Amino acid sequence: MTRKITYVRAINEALHQILESDPKALLIGQGVTSPWYVGASTLGLIQKFGPERVIDTPVSENCTMGAAVGAALAGMHPIFVFPRMDFMYYALDQLANHAANWHYMFGRQLGVPLVVWTIINRGGEQAAQHSQALQALFAHIPGLKVVMPGTAYDAKGLLHASHQDGNPVIYIDERWLYQNEDDVPEEPYTVPIGKGVVREKGSDVTLAANSYMALKAIEAAKALAQDGISVEVIDLRSIKPLDETMLLKSIKKTGRLVIADGGWKSFGVSAELAALAAEEAFNHLKAPVLRIALPDTPAPASRTLEKTYYPDANRIASEIKAWLHKEPK
Amino acid sequence: MKQAAKPRRTGRSDVAPDVLLGMYRSMLRLRKFEEAIAERLKTPSEIVCPVHLYTGEEAVAVGVCANLRKEDFVFSTHRSHGHYLAKGGDMKSLAAELYGKTTGCSHGRGGSMHLAAPEYGLPGSSAIVAGTIPLAVGAALAFSVRKEDNVAVAFFGDGAANEGVFYESLNLAALRKLPVIFICENNLYSTHMPVASCLASTEIYRKAESFCMPGVRIDGNNVLKVFREAGRAIAAARLGEGPALIECLTYRWRGHVGPNYDLDKGLRSKEELDSWMTRCPIKNFEEFLAAQGLISTAEKEAVSREVDVEVAEAIAFARASPYPDSAEITRGVFR
Ligand SMILES: Cc1ncc(C[n+]2csc(CCOP(=O)(O)OP(=O)(O)O)c2C)c(N)n1
Ligand SMILES: [Mg+2]
């Protein structure tokens, strides 16, 4: 049965189903037993599955991340949560040097079935250490997959898929999406990793985006339609692997690529997509690529700076308009 | 009430009266500033950044910093107002930072968790738990390389004692006998987690033993005890005798973040809060000073009035200051 539920409830439902159906699944991380710490996404889990499987940890990211990797090597299926991406740097060694390399470095003998669920939690003048969106950092590392659900439906389906994948998957959700509602089936289902989705069909411009920015991209496309500009919006859903087939098909159709990403601009997701277009669809491009992302600046606190820092739907639409204007006819 | 006559000011304490009265005023400044901020936080749009209040823990910052010189370094955490003010940071710039204004001590870029005043030995506070502990070790390394007798102080919570970098820092500091003082503010909680749910041994001061470093646990609500214990450690560090770990038992009155007391969240009891409120570091010290004949009611009232004015002026300054110009968004990534 399908009903409308919020993004955060969709995550919660997936966690209940995973812990229910897979005795090897564990939920580990800071705040998983707290009613509020991870935004109510873990409600009811401790009551139902107990402290053996729902493990609230001390503030020890380096060790606890490594412990989750070790548990995966020993046959468990841990889901490890970071209440904020910013706190992952302490754990980076265990992820990048250990989890990511293990399967390859030992000649495919052992996999690391691990979901690293991590939350983008920004805005509100929280500044540079409480606002980061690090999808590009993780996507750069061979051996890690990266997914970014933008809707409640994808939040649930991608969490199930990440859990079943058998590799280390970085599952990135976004607090700005938590209250958004969507039609979500009650029963478990998966959204395939590596597959994007066309959210709006269009013919003039391909606008590729992810997570919260995919939502803003749809709003921008609707606004641009009023001006007679037809925008095809692709929600990437997976950052790595990328749905290159879907992207290239659309780029070849429209001849124009815009990327809207919530991470930093340089060396980021938008750079990777631009490279894809240049390498694989160069002859189809009618215009240079347009990238809308965060400036190469740490997140500032003050509200006036935040307003400029984070692009919204208006910014996407107006940048696309200005860019189309510049184009040689 | 008559003005206190000068000779009465000898008291029974070995600490000079002006130092004692200075600590009293300093604690009152922290308390009154934060109580005013807590009030302002109830109007959501006025101060937006997350604010972690230090109310109830004032004796730790004040007792330690009363031993420090301007050139000594203090490294702080997400709960940083107390360290900043006690080390000499300007109250107006602090208020303006909370309001996100250009006149703030971090020019509106940092907010409450990121305060700096390098001219007063405050190189900055970090919101990454335990993030500044190794920085204090590094500052001490710089002092020791340059053969200066300055010290570096790392303030951090009980939660920070869960991070591996804390232990690595103790080791390096002890190994190289660096002039760094580790001040653990054990307020019994790390967000929603009581200290006993985090640490297999909750005697944080004893971690020092394994690194051949002196470690003590003291009543962090007794400013005189903090002053004396930190004073001993700091004096030793200045003489090249190496680091020390001081665990100060204390309690934050308000919730982890924001102005509320969070008694409805099932994390701590009203009885627990009440018992700590009766151990208010300021009230108890005030009683001590009165008993010693070091402060009269009239003097108390005068200090209180002066601090009220300072706090009101700081908030008025913050409110009247301009927000940063958004055209400057990318300025300052590099020097
Ligand atoms: C590396 C890292 N992990 C998690 C957090 C989230 N966090 C912020 S404050 C805090 C608790 C810190 O507790 P403690 O050190 O005791 O300081 P207190 O808040 O009690 O003063 C946590 C877990 C963080 N800021 N940094
Ligand atoms: Mg604490």
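Residue numbers (the working numbering), protein chains in the order written: chain F, 1 to 329; chain U, 1 to 335. The C-beta atom is built at its ideal place from N, Cα and C for all residues, glycine as well. Computed from a predicted structure; not experimentally measured.
Residues surrounding ligand 3 [beta-carbon distance to nearest heavy atom under 6 Å]: Looking at this structure, you won't find ligand 3 anywhere; what it does contain is ligand 1 and ligand 2.
Unbroken stretches of the beta strand (DSSP E), 3 residues or longer, contained in the region 103-131 of chain F: Complete beta strand (DSSP E) runs here, min 3: 114-120.
F:Met-105 classed as buried or exposed, judged by whether at least 16 other C-beta atoms fall within 10 angstroms: Flag for F:Met-105 reads exposed.
Residues of its chain near U:Tyr-261, where Cβ-Cβ distance is below 8 Å and the 5 sequence neighbours each way are ignored: Trp-253, Arg-254, Gly-255 and Leu-273, listed in sequence order.
Inter-residue Cα distance where the pair is F:Asn-101 and F:Pro-142: C-alpha separation (whole angstroms): 8 Å.
Classification of F:Ala-278 by the beta-carbon crowding that lies within 10 angstroms, buried from 16 upward: Counting C-beta atoms within 10 angstroms of its own C-beta, F:Ala-278 has fewer than 16 neighbours from the protein chains shown and is therefore classed as exposed.
Chain U residues whose Cβ lies nearer than 8 Å to that of F:Arg-336: Shown here, chain F extends from 1 to 329; a query on residue 336 of chain F therefore has no answer.
Ranges of the alpha helix (DSSP H) found wholly within the region 84-150 of chain U, counting only runs of at least 4: Fully enclosed alpha helix (DSSP H) runs of 4 or longer: 91-98 and 133-145.
Proximal residues to U:Asn-162 (C-beta, below 6 Å), its chain only, five neighbours per side dropped: Answer for U:Asn-162: Cys-198, listed in chain order.
Bridge partners - F:Lys-77, DSSP secondary structure assignment: Per the sequence shown, residue 77 of chain F should be read as His rather than Lys. Beta-bridge pairing links F:His-77 to F:Ala-25.
Contact test: F:Gln-30 Cβ vs ligand 1 heavy atom, cutoff 8 Å: Indeed, a heavy atom of ligand 1 lies less than 8 Å from the Cβ.
F:Gln-109 Cβ short of 8 Å to ligand 1 heavy atom set: Distances from the CB of F:Gln-109 to the heavy atoms of ligand 1 are all 8 Å or more.
Where U:Lys-6 sits in the DSSP three-state scheme: Its pLDDT being 43, under 50, U:Lys-6 is placed unreliably in this model, and the value from its coordinates should be taken loosely. In the structure shown, U:Lys-6 sits in a helix (DSSP, three-state: H, G or I).
CB contact flag (F:Ile-234, F:Leu-247, <9 Å): For F:Ile-234 and F:Leu-247, yes; Cβs fall inside 9 Å.
Within-9 Å CB hit, U:Ile-128 to chain F: Nearest CB-CB separation between U:Ile-128 and chain F: below the 9 Å threshold.
Near-chain U residues of the region 29-50 of chain F (beta-carbon distance less than 9 Å), N- to C-terminal order: When C-beta distances to chain U are compared with 9 Å, the residues of the region 29-50 of chain F below that value are Gln-30, Gly-31, Thr-33, Ser-34, Pro-35, Trp-36 and Tyr-37, in chain order.
Residues of the region 120-147 of chain F whose Cβ lies closer than 7 Å to any Cβ of chain U, in chain order: Along the region 120-147 of chain F, going in chain order, the ones with a CB nearer than 7 Å to a CB of chain U are Gly-124, Glu-125, Gln-126, Ala-127, Gln-129 and His-130.
First through last residue of the beta strand (DSSP E) which encompasses F:Trp-264: Its beta strand (DSSP E) spans residues 257-264.
For F:Met-148, three-class secondary structure by DSSP: If DSSP states are grouped into helix, strand and coil, F:Met-148 belongs with coil.
Contact with chain U by F:Tyr-309, beta-carbon distance below 9 Å: Using beta-carbon distances, F:Tyr-309 counts as an interface residue toward chain U, with a partner under 9 Å.
Close Cβ partners of U:Ala-136 (< 6 Å) along its chain, the five nearest in sequence each way excluded: Closer than 6 Å at Cβ, skipping near neighbours: Phe-75, Ala-152, Ala-154 and Val-180.
Inter-stretch contact (C-beta, 8 Å, three-pair minimum) for the region 292-307 of chain F and the region 94-109 of chain U: With a cut-off of 8 Å, the region 94-109 of chain U and the region 292-307 of chain F count as touching, because enough Cβ pairs lie within range.
Residues, ordered as in the chain, of the region 51-76 of chain F that lie near chain U by beta-carbon distance below 9 Å: The region 51-76 of chain F vs chain U, Cβ under 9 Å: Asp-56, Thr-57, Pro-58, Val-59, Ser-60, Glu-61, Asn-62 and Cys-63.
Any non-hydrogen atom of ligand 1 within 8 Å of U:His-78 CB: In this structure, the C-beta of U:His-78 approaches ligand 1 to less than 8 Å from one of its heavy atoms.
Nearest candidate by alpha-carbon position, reference F:Ile-55, set F:Glu-174, F:Ala-72, F:Leu-290 and F:Val-81: Of the candidates F:Glu-174, F:Ala-72, F:Leu-290 and F:Val-81, F:Val-81 places its Cα closest to the Cα of F:Ile-55.
Closer than 9 Å to chain U by CB, F:Phe-87: It does: the Cβ of F:Phe-87 has a partner Cβ on chain U nearer than 9 Å.
Any chain F beta carbon closer than 9 Å to U:Cys-198: It does: the Cβ of U:Cys-198 has a partner Cβ on chain F nearer than 9 Å.
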